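Enquirer: Here you go, one structure.
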Amino acid sequence: MSDNTSAPVVLITGAAKRIGAATAALFHNAGYRVVVHYNRSAKEADKLCETLNQQRADSCLLVQSDLNDMAGLDKIVALVESIGRLDVLVNNASSFYPTPLDNCSDEQWHDLTNSNLKGGFFLTKKLAPMLRDSHGSVINISDMHARQALKNHPIYTIAKAGTIAMTKSLALELAPNVRVNSVAPGAILWPEHELDDTDKQSAVLSKVPMGRLGCEADIAETVFFLAVKATYMTGQTIAVDGGSSTSL
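Be aware that the sequence shown starts at 0, since it is given in numbering that gives the first Met the number 0, and climbs by one per residue.
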């Protein structure tokens, strides 16, 4: 699709790298104009957007903002409104780190719940009129640990469980014009703070029936399916976890 003025538009939060970047590339390959949101990963976001624009001119736009800040949400909304349409919103941005109960803080609570839950909720609220106009779709990225608590990560677990509840609630609020679904990844990528923890990695994989990590494409393709193909699905969460949830 060469005419970007008529191309459908997808906004992906936290899209500079990993799952977000893979999702951006997949939608772009399908002819979408892509809005790449990032917070701190400026270098990666610039490289991704440059690559996509080389493939198709003016097909990728960047927006930097902190989802913990309501003004940051308004910055994203202003850019999307300047484009004039929005077909898909992917609430992918997330923070992840341990917060053992005895040591966790109010600051950590707000950081994790804002980035994983509050930001996506209010961004959806602000963009709902445009999504209604396009009969669009919202995809929230949850986590397998929304349903199975992760030890030493109580705040993250609570926030991701809230993402599934948010998916169901917004599906009702925005029906029938906007569908809202979510994807719950399992072991897809090792967290950056666990890259050298081979014992932890072995323990995790021992609980995955398929015996291996997934990849970013597994999540991106499920997001695309829910956003574009699954036209009679709303309020649902699909686990992409190599079978880990079969033992829950």
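The beta-carbon is built from N, C-alpha and C at its ideal position, and this holds for glycine as well.
As the structure is a computational prediction, the values presented were derived from the model and not from experiment.
Less than 8 Å between the CB atoms is what I'm expecting for I18 and N91, so what's the real figure, rounded?
Expert: What you label residue 18 is simply residue 19 of the sequence shown in a count that begins at 1. What you label residue 91 is simply residue 92 of the sequence shown in a count that begins at 1. About 6 Å; that satisfies the 8 Å criterion.
Enquirer: I want to know whether the region 70-90 touches the region 130-141 - three or more CB-CB distances under 8 Å.
Expert: They touch, by the three-pair rule.
Enquirer: Relative to the alpha-carbon of V222, which residue among A29, D105, A6 and D45 has its alpha-carbon at the smallest distance?
Expert: Looking up residue 222 in the sequence shown gives position 223. Closest option to V222, Cα to Cα, is A29.
Enquirer: Report all residues from its chain with a CB closer than 6 Å to the CB of M69; omit the five preceding and five following residues, and keep chain order.
Expert: Counting from 1 along the sequence shown, the entry for residue 69 is found at position 70. No residues qualify anywhere along the chain.
Enquirer: With a CB to CB cut of under 7 Å and the five nearest residues on each side skipped, what residues in its chain are close to K125?
Expert: Sequence index remark: in the sequence shown, residue 125 carries index 126 (1-based). The answer, listed in chain order, is L72 and V76.
Enquirer: So the beta strand (DSSP E) H36 belongs to, where does it begin and stop?
Expert: Counting from one through the sequence shown, the residue named residue 36 turns up at place 37. H36 -> beta strand (DSSP E) spans R32 to Y37.
Enquirer: Output the distance between the C-alpha atoms of K16 and S114, rounded to the nearest integer angstrom.
Expert: Position 17 of the sequence shown, counted from the start, is the residue given in the question as residue 16. Position 115 of the sequence shown, counted from the start, is the residue given in the question as residue 114. Taking the straight line from one Cα to the other gives about 16 Å.
Enquirer: At what residues does the alpha helix (DSSP H) containing P184 begin and finish?
Expert: Position 185 of the sequence shown holds residue 184. Careful: P184 lies outside any alpha helix (DSSP H), inside the beta strand (DSSP E) at R178 to P184.
Enquirer: Spell out a yes or no on whether the region 143-159 and the region 195-214 are touching, meaning 3 or more CB-CB pairs, one atom from each, closer than 8 Å.
Expert: As far as the Cβ criterion goes, the region 143-159 does not touch the region 195-214, which means the pair count is below three.
Enquirer: How is T233 classed by DSSP in three states: helix, strand or coil?
Expert: On the sequence shown, position 234 is the one that residue 233 refers to. Note: T233 maps to coil in three-state DSSP.
Enquirer: Could you tell me which residues DSSP pairs with V252 in its beta bridges?
Expert: No statement about residue 252 is possible, as the shown extent of the chain runs from 0 to 247 and does not include it.
Enquirer: Excluding five sequence neighbours on each side, which residues of the same chain lie with their C-beta closer than 6 Å to the C-beta of G118?
Expert: Along the sequence shown, read from residue 1 onward, the residue named residue 118 stands at position 119. Excluding positions up to five away in sequence, the list reads L66.
Enquirer: Alpha carbon to alpha carbon, how far is G161 from R178?
Expert: Taking the first residue of the sequence shown as position 1, residue 161 is located at position 162. Taking the first residue of the sequence shown as position 1, residue 178 is located at position 179. Those two C-alpha atoms are separated by around 18 Å.
Enquirer: Where L100 and C48 are concerned, what is the direct C-alpha to C-alpha distance, given to the nearest angstrom?
Expert: Against the sequence shown, residue 100 aligns to sequence position 101. Against the sequence shown, residue 48 aligns to sequence position 49. So the two alpha carbons sit approximately 39 Å from each other.
Enquirer: Cβ atoms of L111 and T98: under 9 Å apart, would you say?
Expert: Taking the sequence shown and counting its residues from 1, the one referred to as residue 98 is at position 99. Taking the sequence shown and counting its residues from 1, the one referred to as residue 111 is at position 112. Closer than 9 Å, so yes.
Enquirer: Per DSSP, I163 forms a beta bridge with which residues?
Expert: Looking up residue 163 in the sequence shown gives position 164. Answer is none; I163 lacks a bridge partner.
Enquirer: Please report the straight-line C-alpha distance between L173 and T197, rounded to a whole angstrom.
Expert: Translated into positions along the sequence shown, residue 173 becomes position 174. Translated into positions along the sequence shown, residue 197 becomes position 198. Their backbone Cα atoms lie some 44 Å apart in a straight line.
Enquirer: Could you tell me which residues DSSP puts in a beta bridge with I11?
Expert: The residue you call residue 11 lines up with position 12 of the sequence shown. Answer is V35 and V89, bridged to I11.
Enquirer: How would you label A44, buried or exposed, when you count the other beta carbons within 10 angstroms and need 16 or more for buried?
Expert: Within the sequence shown, the letter at position 45 stands for residue 44. Buried, since its Cβ has 16 or more Cβ neighbours within 10 Å.
Enquirer: Would you call the CB atoms of L149 and A186 closer than 9 Å?
Expert: Translated into positions along the sequence shown, residue 149 becomes position 150. Translated into positions along the sequence shown, residue 186 becomes position 187. No. Outside cutoff.
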